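Structure first, then comments.
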Amino acid sequence: MMNKDSAFAAGTAIRHLKYPEQIKEIGNSQRAFDALRYISEGEYLTVTTVAILMQCSRMMATKTIKNLWMARLVKCVEVVTNTTPERLFKIWMISTKKLPKNANEACRLAALGMFYGRTKNSLSEYEWNIIRRSREKKYVTATIKFLPTGKKDKTTLSIDAPRRGEKPSPDSDIYIFPTIEEAKIYAPHDKRFTTDFILMNKAINYNNLISDPMGKS
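Here it is in structure tokens:
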């Protein structure tokens, strides 16, 4: 039994928050525009991720996102987690975006969003794309494109965020597991990984976010 668990390890219930009846104007707020830009590109983000991207406090990020929500520019779902004790988190998306299919998909999107938040401002010519579920793909994944230092061509990497009880996709490049214990057990041989806790720890810089390829001899 793990002593400390990730809030995004697995979900049990999901609820769409209804907008307040009165629409609020946000005015000419640069902070609101920045938050909206990040949510639009990252697609599904938690307040913590937005705070990291904007280099502000969670309180300030919460206030900014709430103003966007009251202006009906973003929408929100609340997710109940399968942890002890049970926890609740919110995930935000622009108002035209599809809602997560279920609580577990919301947890997966929150983890992918954290990866976006920690890599967006650290890589050149960055592109982020959420890959939807299909007949060929059972779970939502993501890809990043960026220009490595000293290179002429962009690199594309696929990101998988298996939640507890889900099998990692064998063809992904980087995996996000809820905990380091799970990463050590389930990370495919010679593939890189990170964890929810590592991504949430702002003291860990970008160069230490992702493991070297993991051999399991």
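Note that the working numbering numbers the sequence shown so that position 55 is 44, with each residue one more than the last.
Idealized CB from N, CA, C, for every residue including glycine.
All values reported here derive from a predicted model rather than from experimental measurement.
If distances are taken between C-alpha atoms only, which option among the options comes closest to residue i?
i     : options                : result
I3    : I163, N71, N190, T132  : N71
L198  : G106, S113, N17        : G106
K134  : K127, W117, K141, K140 : W117
D149  : L136, G0, I12, R121    : R121
F(-3) : P167, K127, L88, K126  : P167
V68   : P89, A50, L62          : P89
Q11   : L98, E170, M59         : M59
E171  : D179, E32, T184        : T184
V66   : P74, T73, K79          : K79
L101  : K173, V39, L77         : V39
G31   : Y128, M189, K126, M82  : M82
S111  : Y128, A50, L98, P137   : P137
L6    : M49, A(-1), D23, R61   : R61
S147  : Y164, E155, G139       : Y164
K52   : E75, I15, P74          : I15
K141  : R152, E114, R153, A21  : E114
L188  : K173, Q19, I169        : I169
K86   : D160, A192, I174, I119 : I119
L230  : I193, T1, A21, P151    : Outside the shown range of the chain (-10 to 206) lies residue 230, about which nothing can therefore be said.
I28   : D162, P9, N196, A99    : A99
K(-7) : T73, M103, K126, D179  : T73
K55   : R76, A24, Q44          : A24
Pick helix, strand or coil for residue i, following the three-state DSSP scheme.
i     : result
A172  : helix
T108  : helix
N17   : coil
A(-4) : coil
I12   : coil
L188  : helix
N196  : helix
G102  : helix
K141  : coil
Per DSSP, residue i forms a beta bridge with which residues?
i    : result
R4   : E67
L146 : I133
R181 : I163
I120 : T130
S113 : L136
So, is the C-beta of residue i closer than 8 angstroms to a C-beta in chain C?
i  : result
Y8 : Included in the structure is just one protein chain, with no chain C present.
My guess is that residue i and residue j are in contact by the Cβ rule of under 8 angstroms, so how many angstroms apart are they, rounded?
i     : j     : result
S84   : K64   : 5 angstroms
T130  : S158  : 6 angstroms
T109  : L42   : Contrary to the premise, residue 109 reads as Lys rather than Thr in this sequence. Indeed they touch by this definition, with Cβ atoms about 6 angstroms apart.
F186  : S(-5) : 6 angstroms
A(-1) : C96   : 6 angstroms
R152  : N190  : No, R152 and N190 are not in contact; Cβ-Cβ is about 19 angstroms, not under 8 angstroms.
E207  : Y128  : Residue coverage of the chain in this structure runs from -10 to 206, which leaves residue 207 outside it and unanswerable.
**Entirely enclosed alpha helix (DSSP H) segments - the region 19 to 100, minimum 4 residues** = 19 to 31, 36 to 43, 47 to 59
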